[in-house]
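Numbering (UniProt numbering), first residue to last: 1 to 394. Note that beta-carbon positions come from the ideal geometry of N, C-alpha and C, so glycine has one too. The structure displayed is predicted, hence computed values, not measured ones. Heads up, the thing below is written out as structure tokens.
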């Protein structure tokens with residue numbers, strides 16, 4: 001089986017032992033497996049059921065297999081059959097396609113088959129050495145892949161479920177908790193503060209967030225099932241892991257979060273230990289861990305990546321900007337003063353529309369890509385000054 005070649009899903013479905021394991025595992029069994037293999041943490045180091053040891057697979061290929069396995073598992077355990085799984089899964093992603101953060105439209109046709117799903121999964125799993133190195137930036141983006149699985153579960157359970165709104169809400173909850181988690185640190189490094197500003201800026205470009213001023217607790221109340229709550233707790237533990245030392249305030253925050261979510265103290269402690277054990281056990285396979293400060297690594301690499309994307313696509317971006325006078329004016333204005341809510345929403349919508357037309361900017365349309373949007377807004381005026389000569393606010 002070669003997950004980088006066409007036909008791998010059809011081949012995967014012929015592995016009866018693997019499929020039977022996916023069918024027999026309920027949430028309480030399968031979710032811990034997704035943590036153990038690293039999928040939940042955005043760093044898959046082996047296939048979820050560890051049935052493909054004889055295959056030489058890249059991290060990207062392992063992640064593809066794990067995403068497909070998670071989607072299959074949630075479908076079978078919800079519907080008690082795998083009939084129509086492929087067509088239903090493609091239809092689910094087709095619903096997400098309608099929003100700007102989703103997949104490119106040419107992936108879809110009238111035929112909802114295995115080939116279509118392979119293309120979708122390939123685009124969802126972000127590993128492109130020419131665009132983004134395998135560092136904390138891709139970890140963040142791929143850690144949010146599990147949102148696809150949670151959204152698919154809701155799609156199956158609730159008739160006429162709005163998957164687009166669900167994904168937006170869940171990303172907002174996660175970003176709020178990440179912000180609160182970093183804020184608990186008494187000794188914040190320069191990069192902690194920069195990361196905090198990045199997430200806060202990202203939230204300000206979520207229109208449903210700015211339109212609905214919810215309290216921290218009201219955001220948490222959006223989570224209604226155990227999987228959502230456990231996933232949020234694990235994302236929180238992953239956030240505080242960065243310096244490998246937990247402050248008392250961070251432990252208290254995690255405990256209070258877990259208690260609010262009605263998660264037992266035993267499960268809370270297990271979540272903390274599991275993320276530490278995973279990254280410690282696999283530090284040789286996860287090269288970005290060699291950096292003494294992963295938060296610094298994340299911010300530096302994210303900034304470098306966004307700058308490179310702008311530079312490499314400068315001609316296309318200049319062409320698009322020349323046809324978007326309002327966007328140019330707003331981006332220029334953003335360099336000297338804070339945009340209002342309406343202006344921020346216009347910038348987000350128009351920039352993401354441009355990203356849809358430039359394939360290598362697809363990162364901003366993927367889960368977690370919105371976190372990097374403020375960097376795109378920040379660097380475009382600096383790296384493409386010729387587009388702003390007539391509109392710069394002085």
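_Taking the straight line between their C-alpha atoms, what separation do you get for residue 145 and residue 12?_
Position 145 of the chain shown, counted from the first residue, corresponds to residue 145. Position 12 of the chain shown, counted from the first residue, corresponds to residue 12. Each residue's Cα considered, the two are about 20 Å apart.
*Are there 16 or more other CB atoms within 10 angstroms of the CB of residue 158, so buried, or fewer, so exposed?*
Within the chain shown, the letter at position 158 stands for residue 158. Residue 158 comes out exposed.
_Backbone secondary structure at residue 55 - three-state DSSP_ = For the purposes of this step, residue 55 is identified with residue 55 of the chain shown, where counting begins at 1. Here residue 55 sits in coil by DSSP.
*DSSP three-state assignment for residue 345, whether helix, strand or coil*: Residue mapping note: residue 345 aligns to position 345 of the chain shown, counting from 1. Three-state DSSP puts residue 345 in a helix.
_Rounded Cβ spacing between residue 122 and residue 184 (contact assumed at less than 8 Å)_ = Numbered from its first residue, the chain shown carries residue 122 at position 122. Numbered from its first residue, the chain shown carries residue 184 at position 184. About 38 Å; that fails the 8 Å criterion.
*Can you give the Cα-Cα distance for residue 156 and residue 36, rounded to whole angstroms?*
Looking up residue 156 in the chain shown gives position 156. Looking up residue 36 in the chain shown gives position 36. A straight line joining the alpha-carbon of residue 156 with that of residue 36 spans about 26 Å.
*Excluding sequence positions up to five away, which residues of its chain have a Cβ less than 6 Å from the Cβ of residue 93?*
Residue mapping note: residue 93 aligns to position 93 of the chain shown, counting from 1. Leaving aside the five residues that flank residue 93 on each side, the residues in its chain whose CB is nearer than 6 Å to its CB run, in chain order, 120.
_Buried or exposed by the 16-neighbour rule on C-beta atoms within 10 Å, applied to residue 376_ = Taking the chain shown and counting its residues from 1, one reaches residue 376 at position 376. Residue 376 counts as buried, since no fewer than 16 other beta carbons sit within 10 angstroms of its beta carbon.
*What first and last residue would you give for the alpha helix (DSSP H) that runs through residue 116?*
Reading the chain shown from its first residue, position 116 is the one you call residue 116. Judged by DSSP secondary structure, residue 116 falls within the alpha helix (DSSP H) whose first and last residues are 114–124.
*In chain order, what residues of the same chain have a beta carbon less than 8 Å from the beta carbon of residue 41, not counting five sequence neighbours either side?*
Here residue 41 refers to the residue found at position 41 when the chain shown is read from its first residue. Around residue 41, the same chain offers 35, 139, 143, 234, 238, 275, 278, 279 as residues with beta carbons nearer than 8 Å, after the five sequence neighbours per side are excluded.
*asked:* Does the contact criterion of 3 or more C-beta pairs under 8 Å hold for the stretch 75–87 versus the stretch 59–67?
replied: Contact fails between the stretch 75–87 and the stretch 59–67, because fewer than three Cβ pairs, one in each stretch, are under 8 Å apart.
*Can you give the Cα-Cα distance for residue 305 and residue 312, rounded to whole angstroms?*
Reading the chain shown from its first residue, position 305 is the one you call residue 305. Reading the chain shown from its first residue, position 312 is the one you call residue 312. Cα to Cα, residue 305 sits roughly 10 Å from residue 312.
_What does the alpha-carbon distance come out to for the pair residue 262 and residue 216?_
Sequence index remark: in the chain shown, residue 262 carries index 262 (1-based). Sequence index remark: in the chain shown, residue 216 carries index 216 (1-based). Residue 262 and residue 216: Cα-Cα distance of roughly 16 Å.
_Taking the alpha carbon of residue 91 as the reference point, which residue from 170, 125, 160 has its own alpha carbon closest?_
On the chain shown, position 91 is the one that residue 91 refers to. Comparing Cα positions, the closest option is 160.
*Express the C-alpha separation of residue 150 and residue 209 in angstroms, rounding to a whole number.*
Within the chain shown, numbered from 1, the residue matching residue 209 stands at position 209. Within the chain shown, numbered from 1, the residue matching residue 150 stands at position 150. With a pLDDT of 49 at residue 209, under the threshold of 50, the predicted position of this residue should be treated as unreliable, though the coordinate-derived value follows. Roughly 20 Å between the two C-alpha positions.
*Nonlocal neighbours in the same chain, by C-beta distance under 8 Å from residue 180, ignoring five residues either side*: The residue you call residue 180 lines up with position 180 of the chain shown. Around residue 180: 216, 253.
*How would you label residue 16, buried or exposed, when you count the other beta carbons within 10 angstroms and need 16 or more for buried?*
Counted from its first residue, the chain shown places residue 16 at position 16. The residue in question, residue 16, is exposed, as its Cβ has fewer than 16 Cβ neighbours within 10 Å.
*Compare the beta carbon distance of residue 356 and residue 365 with 8 Å and say whether it is the shorter of the two.*
In the chain shown, residue 356 corresponds to position 356, counting from 1. In the chain shown, residue 365 corresponds to position 365, counting from 1. Cβ atoms of residue 356 and residue 365: closer than 8 Å.
_In this structure, how does DSSP classify residue 19 when only helix, strand and coil are distinguished?_
Along the chain shown, one-based indexing puts residue 19 at 19. In this structure, residue 19 counts as helix in the three-state DSSP scheme.
*From residue 46 to residue 281, what does the alpha carbon distance come to, in whole angstroms?*
In the chain shown, counting from the first residue as 1, residue 46 sits at position 46. In the chain shown, counting from the first residue as 1, residue 281 sits at position 281. Rounded to the nearest angstrom, the two C-alpha atoms are 13 Å apart.
*For residue 73, which residues from the same chain have a beta carbon less than 7 Å from its beta carbon, with the 5 sequence-adjacent residues on both sides left out?*
For this step, residue 73 is matched to residue 73 along the chain shown. Take residue 73, set aside five residues on each side of it, and the residues of its chain with a beta-carbon closer than 7 Å to its own are 22, 25, 30, in chain order.
*Ends of the alpha helix (DSSP H) at residue 148?*
Here residue 148 is taken as the residue at index 148 of the chain shown, counted from 1. First-last of the alpha helix (DSSP H) with residue 148: 146–157.
*Should residue 374 go down as buried or exposed, given a rule of 16 or more other Cβ atoms within 10 Å for buried?*
Here residue 374 refers to the residue found at position 374 of the chain shown. Buried, because 16 or more other Cβ atoms sit within 10 Å of the Cβ of residue 374.
*In its own chain, which residues sit with a C-beta less than 6 Å from the C-beta of residue 114, not counting the 5 before and 5 after it?*
As a first step, residue 114 is located in the chain shown; it is residue number 114 there, counting from the start. Within the same chain, Cβ atoms closer than 6 Å to the Cβ of residue 114 are found at 9, 10, 86, the five residues on either side in sequence being excluded.
*Check whether residue 147 and residue 175 have beta carbons under 8 Å apart*: As a working note, residue 147 is residue 147 in the chain shown. As a working note, residue 175 is residue 175 in the chain shown. Cβ atoms of residue 147 and residue 175: not closer than 8 Å.
*State the start and end residues of the unbroken alpha helix (DSSP H) segment that holds residue 258.*
As a position in the chain shown, residue 258 is number 258, starting the count at 1. Membership of residue 258 in the alpha helix (DSSP H) is indicated by the continuous run 248–260.
*Express the C-alpha separation of residue 381 and residue 69 in angstroms, rounding to a whole number.*
For the purposes of this step, residue 69 is identified with residue 69 of the chain shown, where counting begins at 1. For the purposes of this step, residue 381 is identified with residue 381 of the chain shown, where counting begins at 1. Rounded to whole angstroms, residue 69 to residue 381 spans 42 Å at the Cα level.
_Where residue 2 sits in the DSSP three-state scheme_ = Within the chain shown, numbered from 1, the residue matching residue 2 stands at position 2. Collapsing the DSSP output to three states places residue 2 in coil.
*Simplified DSSP assignment, three categories, for residue 131*: Walking along the chain shown from the start, residue 131 turns up at place 131. At residue 131, the pLDDT of 36 sits below 50, so the modelled position is not reliable; the number obtained from the coordinates is stated separately. Note: residue 131 maps to coil in three-state DSSP.
*asked:* Just to confirm before moving on: does the CB-CB distance between residue 330 and residue 348 stay below 8 Å?
replied: Here residue 330 refers to the residue found at position 330 when the chain shown is read from its first residue. Here residue 348 refers to the residue found at position 348 when the chain shown is read from its first residue. In this structure, residue 330 keeps its C-beta atom at 8 Å or more from the C-beta atom of residue 348.
*Measure the beta-carbon distance from residue 3 to residue 57 and round it to whole angstroms, keeping in mind my assumption that it falls under 8 Å.*
In the chain shown, counting from the first residue as 1, residue 3 sits at position 3. In the chain shown, counting from the first residue as 1, residue 57 sits at position 57. With a beta-carbon spacing of about 7 Å, residue 3 and residue 57 fall inside the 8 Å limit used to define contacts.
*Taking buried to mean at least 16 other C-beta atoms within 10 Å of its own C-beta, is residue 49 buried or exposed?*
Within the chain shown, residue 49 is the residue found at index 49, counting from 1. Counting of Cβ neighbours within 10 angstroms places residue 49 among the buried residues, the total reaching 16 or more.
*Residue from 334, 240, 354, 223 whose Cα sits closest to the Cα of residue 186*: Counting from 1 along the chain shown, the entry for residue 186 is found at position 186. Checked all of 334, 240, 354, 223; the closest Cα to residue 186 is 240.
*Leaving out five residues before and five after residue 384 in sequence, what residues of the same chain have Cβ atoms less than 8 Å from its Cβ?*
To locate residue 384, count along the chain shown from 1; it is residue 384. Once the five neighbours on either side are set aside, the close Cβ partners of residue 384 are 310, 314, 317, 318, 321.
*asked:* Within the continuous alpha helix (DSSP H) that includes residue 186, where are the two ends?
replied: Taking the first residue of the chain shown as 1, we reach residue 186 at position 186. From DSSP, residue 186 is part of no alpha helix (DSSP H); its letter is neither H nor E.
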